[in-house]
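Quick note, the sequence shown lines up with residues 3 to 140 if you use the numbering used here.
Virtual Cβ for every residue (Gly too), placed ideally from N, Cα, C.
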Amino acid sequence: MPDDLPYVDEHAVRIAAPRDVVWPVLERHGKSLGLPRGNLLAKVLGTRPEAGFEITASVPGESLDLTGSHRFSNYCLRFELADAPGGSTQLRAQTYAAFPGLTGEIYRTLVIRSRLHVIATMYVLRSVERNCRPLPLR
Numbered sequence: 003m004p005d006d007l008p009y010v011d012e013h014a015v016r017i018a019a020p021r022d023v024v025w026p027v028l029e030r031h032g033k034s035l036g037l038p039r040g041n042l043l044a045k046v047l048g049t050r051p052e053a054g055f056e057i058t059a060s061v062p063g064e065s066l067d068l069t070g071s072h073r074f075s076n077y078c079l080r081f082e083l084a085d086a087p088g089g090s091t092q093l094r095a096q097t098y099a100a101f102p103g104l105t106g107e108i109y110r111t112l113v114i115r116s117r118l119h120v121i122a123t124m125y126v127l128r129s130v131e132r133n134c135r136p137l138p139l140r
């Protein structure tokens, strides 16, 4: 899907864990990311799928694409994993999106230019990172 959509931005974190540890955490996040059923925002935006995202491509240990659309945008959030020094993993999130018409441009201003999108994307990346850390010993 990103081939059809303009590139928006990219954000990344380095996770102190190998890809085989990061991948299942990322996959779980990908499956659970989105709005709950019956969410008012989903109804107002007219999200498709209802949660706002669905996994449309997955290459285990390498990449995961989440795509969706609503009244103001068509979008894809692509996560890519790469080996990094010291046995760590670089996790990148690339956003691709189209914002058709005047209402799309207004939405883009509210979400992208305001940096709300950056905050949300970094939250997802940091959440994956947190969930890859070993639990403290008791």
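Cβ neighbours of G70 in the same chain (closer than 7 Å, five flanking residues each side left out): T49, R50, P51, G54, F55, E56, Y77
For L15, which residues in the same chain have their Cβ closer than 6 Å to its Cβ, ignoring the five residues on either side in sequence? Per the sequence shown, the amino acid found at residue 15 is Val instead of Leu. The answer, listed in chain order, is L93, L127, E131.
Look up T49 in the DSSP assignment and say whether it is helix, strand or coil. coil
Using three-state DSSP, classify G106 as helix, strand or coil. helix
Work out the CA separation of P8 and T91 for me, nearest whole Å. 26 Å
Tell me, please, which residues DSSP counts as bridged to N76. S71, A100
Using a Cβ-Cβ cutoff of less than 7 Å, which residues in the same chain neighbour N133 once the five nearest sequence positions on both sides are dropped? V27
Assuming the contact rule is C-beta atoms closer than 8 Å, T123 and A86 should be a hit. Round their C-beta distance to whole Å, please. Rounded, the Cβ-Cβ distance is 19 Å, inconsistent with contact.
Collapsed DSSP secondary structure at S90 in the structure displayed: strand
Taking R16 as part of the beta strand (DSSP E), name the residues at either end of that continuous run. 9 to 17
Whole angstroms is fine: what's the gap from G63's alpha carbon to P20's? 10 Å
Starting from the Cα of W25, find the closest Cα among Y98, F81, A100 and give me that residue. F81
Check whether F101 and S75 have beta carbons under 7 Å apart: yes
Three-state secondary structure (DSSP) at S116? coil
How many Å lie between R115 and R135 at the Cα? 32 Å
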